[in-house]
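Protein sequences appear in the order of chains E and Z. Numbering-wise, the first sequence is residues 530 to 774 according to my numbering. Numbering-wise, the second sequence is residues 530 to 774 according to my numbering.
Number of protein chains: 2
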Amino acid sequence: MAFQYPIKLIANALGVPPKAMLEKGKQHGVAVAALVGAKEHAIAQVQAGVDILVVAGGEAGGHCGDVSTMVLVPEVATALAKIGAKTPILAAGGIVTGAQMAAAMCMGAAGAWCGSVWLTTTEAETNPIVKEKMIAASSRDTVRSRSRTGKPSRQLRSPWTDAWEAETAPKPLPMPLQSLVSEPPLRLVDKLSQGNHEGAKQLATYWVGQGVGLMNETMSAGAVVQRFKEDFLAAYERLGGFLAE
Amino acid sequence: MAFQYPIKLIANALGVPPKAMLEKGKQHGVAVAALVGAKEHAIAQVQAGVDILVVAGGEAGGHCGDVSTMVLVPEVATALAKIGAKTPILAAGGIVTGAQMAAAMCMGAAGAWCGSVWLTTTEAETNPIVKEKMIAASSRDTVRSRSRTGKPSRQLRSPWTDAWEAETAPKPLPMPLQSLVSEPPLRLVDKLSQGNHEGAKQLATYWVGQGVGLMNETMSAGAVVQRFKEDFLAAYERLGGFLAE
């Protein structure tokens, strides 16, 4: 299906892509990327033949491991160098500014992969109640929990996630069953919260990374990209300043 | 006591330093630093008057919060700018290479604060069995656990930490009581492991950050510092290369 459209990239988030996908990608000139949260997974993906590695730290929104971006990016870069692989790395996890992109690129990344930062843009279809919560949130207002999908994923903390993290809570079901438990009520929460239901407004949540603590205003996606460029340049000049001293 | 010696720095790891210490520091021309793991703590420390902030991410060895270095450093830098504070930030947590230092300095840090990287140097008094484990470890071989001191601290994973993390394990006592439980047996483990006791070799552990995954050889402390400088310069040149393209 996907290859009938003028796509540029296929990115896999959970595991090594099937061989057929890698081959179809090559046939159609479409790069195949893979998200990884551990050095061992990165090596397995490169050996399977992916074109781009998205190396995501545990501060990422959505499904993630528990090694931080600051450590995982150079760890994977070193591991790839050791096996002579030249697969480019996009750093992910917590990255919502151009300065963080420059930081990741200092450590061996060829670029960055951002998710959370788009959730509070004017164009985003995020529940406006959740958008407001994200703008107000600090980096400590997220939790990595199995309660939404059955696998650990990072999301905005709310009384919903707190209840699932409580000692008396039932254990989440394995993926894909837990989504059958969590998605229907969370869809209802989204709907009711937008109808100004007080309890639903409190419960409302969505996947987001720790970078939410740096997302403090709503901007257009275009303005975000412009800000990325300015921040990146300022970070490079800042670093040069230390060497000039 | 401390001020009778020619010291250059006092660093506090748990909470705001007492006013008397800050005043004595000023009197004697000794800078007072504070370790923080959250934006709110950073602001409280600056308002109390500390001279240097050590901003430590959750990937750090020893006591730590759960926000990553990649997010916490720019979050604190932004918060300080907003209140007009010029307190310099040293980034900590997972930093064991010069490229990571350059990364942190892109994001607003004035420098870096390293702990783990010294533990595997030739000069380190680390238990040699633990040193070997650290050289072999990947970034996923640490755990943030209350089991050593009663507060969350990151340490090398071993059957000792696994037992404390098991569901059937007793809950750690609050600080400072848990150290009375953990330190005597762990000292015995250290001693027996160095006498080649197989069980003790497996149990042996020590505080270390996720950066342990990047610590792959034993070097002298001097060689580590030399490597820092080379890596820092290479990172700066790497970043400049992206702009030249």
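We put the CB at the ideal spot given by N, CA and C, even for glycine. None of these values were measured; they are calculated from a predicted model.
Would you list, in chain order, the members of the region 628–658 of chain Z that have their beta-carbon closer than 8 Å to a beta-carbon of chain E?
628, 629, 631, 632, 633, 634, 635, 636, 637
So which residues of chain Z does residue 576 of chain E contact, with C-beta pairs closer than 8 Å?
Sequence index remark: in the first sequence, residue 576 of chain E carries index 47 (1-based). Result: empty, since nearest Cβ-Cβ is about 17 Å, beyond 8 Å.
Closest by CA to residue 636 of chain E, which one among Z/623, Z/642, Z/647, Z/530?
The residue you call residue 636 of chain E lines up with position 107 of the first sequence. When only C-alpha atoms are compared, the closest one is Z/623.
For residue 673 of chain E, which of helix, strand or coil comes out of DSSP?
The residue you call residue 673 of chain E lines up with position 144 of the first sequence. If DSSP states are grouped into helix, strand and coil, residue 673 of chain E belongs with the strands.
Using 8 Å as the limit for Cβ to Cβ distance, is residue 742 of chain Z near chain E?
For this step, residue 742 of chain Z is matched to residue 213 along the second sequence. Residue 742 of chain Z counts as touching chain E.
Per the DSSP calculation, residue 668 of chain E is bridged to which residue(s)?
For the purposes of this step, residue 668 of chain E is identified with residue 139 of the first sequence, where counting begins at 1. The partner list for residue 668 of chain E (beta bridge, DSSP) is empty, contrary to what the question assumes.
Counting pairs of Cβ atoms below 8 Å between the region 589–601 of chain E and the region 735–743 of chain E, do you hit three or more?
yes
With C-beta atoms as the reference, is residue 579 of chain Z less than 8 Å away from residue 650 of chain Z?
In the second sequence, the residue the question calls residue 579 of chain Z occupies position 50. In the second sequence, the residue the question calls residue 650 of chain Z occupies position 121. No; because the gap between Cβ atoms is not below 8 Å, this pair is not in contact.
What do you reckon, are the CB atoms on residue 550 of chain E and residue 767 of chain Z nearer than 8 Å?
In the first sequence, counting from the first residue as 1, residue 550 of chain E sits at position 21. In the second sequence, counting from the first residue as 1, residue 767 of chain Z sits at position 238. It is not a contact, given that the beta carbons lie outside the stated cut-off.
At which residues does the alpha helix (DSSP H) containing residue 531 of chain Z begin and terminate?
For the purposes of this step, residue 531 of chain Z is taken as the residue at position 2 of the second sequence. Taken as a continuous stretch (DSSP letters only), residue 531 of chain Z belongs to no alpha helix (DSSP H), as it is neither H nor E.
Mapping DSSP to helix, strand and coil, what is residue 756 of chain Z?
Counting from one through the second sequence, the residue named residue 756 of chain Z turns up at place 227. Here residue 756 of chain Z sits in helix by DSSP.
Counting only beta-carbon separations shorter than 8 Å, does residue 768 of chain Z have a partner in chain E?
Sequence index remark: in the second sequence, residue 768 of chain Z carries index 239 (1-based). Yes - at least one Cβ of chain E is within 8 Å of the one on residue 768 of chain Z.
Report yes if the C-beta distance between residue 599 of chain Z and residue 629 of chain E is below 8 Å; otherwise report no.
Translated into the one-based positions of the second sequence, residue 599 of chain Z becomes position 70. Translated into the one-based positions of the first sequence, residue 629 of chain E becomes position 100. Yes, they are a contact pair.
Status (buried if at least 16 other CB within 10 Å, exposed otherwise) for residue 730 of chain E
Taking the first sequence and counting its residues from 1, the one referred to as residue 730 of chain E is at position 201. Per the 10 Å Cβ criterion, buried.
For residue 653 of chain E and residue 717 of chain E, I'd like the C-alpha separation in whole angstroms.
For the purposes of this step, residue 653 of chain E is taken as the residue at position 124 of the first sequence. For the purposes of this step, residue 717 of chain E is taken as the residue at position 188 of the first sequence. Answer to the nearest angstrom: the Cα atoms are 20 Å apart.
Is residue 775 of chain Z close to chain E, meaning its C-beta is less than 8 Å from at least one C-beta of that chain?
Past the boundaries of the shown model lies residue 775 of chain Z; chain Z is included only from 530 to 774, so the question cannot be answered.
For residue 574 of chain Z, count neighbouring C-beta atoms within 10 Å of its own C-beta (all shown protein chains included) and say buried if the count is 16 or more, exposed if not.
Stepping through the second sequence from its first residue, residue 574 of chain Z is reached at position 45. The residue in question, residue 574 of chain Z, is buried, as its Cβ has 16 or more Cβ neighbours within 10 Å.
Can you have a look at residue 725 of chain E and say buried or exposed, based on whether 16 or more other CB atoms are within 10 angstroms of its CB?
As a working note, residue 725 of chain E is residue 196 in the first sequence. Answer is exposed; the Cβ neighbour count stays below 16.
Can you name the residues of chain E whose CB is closer than 7 Å to the CB of residue 598 of chain Z?
Here residue 598 of chain Z is taken as the residue at index 69 of the second sequence, counted from 1. By Cβ distance, chain E contributes 597, 599.
Kindly indicate which three-state DSSP category residue 715 of chain Z falls into: helix, strand or coil?
Here residue 715 of chain Z refers to the residue found at position 186 of the second sequence. Three-state DSSP puts residue 715 of chain Z in a helix.
Identify the contact partners of residue 588 of chain Z in chain E, using a Cβ-Cβ distance below 7 Å as the criterion.
Taking the second sequence and counting its residues from 1, one reaches residue 588 of chain Z at position 59. Within 7 Å Cβ-Cβ: 597, 599, 600.
Taking only beta-carbon atoms, is residue 771 of chain Z less than 8 Å away from chain E?
As a position in the second sequence, residue 771 of chain Z is number 242, starting the count at 1. At least one chain E Cβ lies under 8 Å of residue 771 of chain Z.
With DSSP as the reference, please indicate the residues paired to residue 582 of chain Z in a beta bridge.
For the purposes of this step, residue 582 of chain Z is taken as residue 53 along the second sequence, with counting starting at 1. Answer by DSSP bridge pairing, in chain order: Z/563, Z/618.
Nonlocal neighbours in the same chain, by C-beta distance under 6 Å from residue 568 of chain E, ignoring five residues either side
Counting from 1 along the first sequence, the entry for residue 568 of chain E is found at position 39. Result list for residue 568 of chain E: 604, 605, 608, in chain order.
Where the region 662–675 of chain Z meets chain E: residues whose CB sits under 8 Å from a CB there
667, 668, 669
Got a sec: which bits of the region 560–574 of chain Z sit with their beta carbon under 7 Å from any beta carbon on chain E, in order along the chain?
567, 568
Give the interface partners of residue 739 of chain E over in chain Z, defined as CB-CB distance under 7 Å, in chain order.
Mapped onto the first sequence, residue 739 of chain E falls at position 210. Ordered by position in chain Z, the residues that pass the 7 Å Cβ test against residue 739 of chain E are 596, 597, 600.
Could you check how far apart the C-beta atoms of residue 678 of chain Z and residue 707 of chain Z are, in whole angstroms? I think they sit under 8 Å.
Here the question's residue 678 of chain Z lines up with position 149 in the second sequence. Here the question's residue 707 of chain Z lines up with position 178 in the second sequence. Right, the Cβ-Cβ distance comes to about 6 Å (below 8 Å), so this counts as a contact.
Looking at the secondary structure, which residues open and close the alpha helix (DSSP H) in which residue 576 of chain E lies?
Mapped onto the first sequence, residue 576 of chain E falls at position 47. 568–577 is the extent of the alpha helix (DSSP H) around residue 576 of chain E.
Cβ of residue 616 of chain Z within 8 Å of any chain E Cβ
Mapped onto the second sequence, residue 616 of chain Z falls at position 87. For residue 616 of chain Z, the answer is no, since every Cβ of chain E falls outside 8 Å of its Cβ.
Which ranges would you report for the alpha helix (DSSP H) in the region 678–726 of chain Z if only whole runs of at least 4 residues count?
688–694, 706–723
Identify whether residue 612 of chain Z lies in helix, strand or coil by the three-state DSSP scheme.
Position 83 of the second sequence holds residue 612 of chain Z. Coil, per DSSP.
Does chain E have any CB closer than 8 Å to the CB of residue 714 of chain Z?
Within the second sequence, the letter at position 185 stands for residue 714 of chain Z. It does not: the Cβ of residue 714 of chain Z has no partner Cβ on chain E nearer than 8 Å.
Verify the CB distance criterion: does residue 623 of chain E have a CB-CB separation below 8 Å to chain Z?
Start at 1 with the first residue of the first sequence, and residue 623 of chain E comes out as number 94. Residue 623 of chain E counts as touching chain Z.
Residue burial classification, residue 566 of chain Z (beta-carbon count within 10 angstroms, cutoff 16)
For the purposes of this step, residue 566 of chain Z is identified with residue 37 of the second sequence, where counting begins at 1. Counting Cβ neighbours within 10 Å, residue 566 of chain Z comes out buried, since at least 16 surround it.
Answer yes or no: does any C-beta atom of chain E fall closer than 8 Å to that of residue 746 of chain Z?
Within the second sequence, the letter at position 217 stands for residue 746 of chain Z. With 8 Å as the cut-off, residue 746 of chain Z does not count as an interface residue toward chain E.
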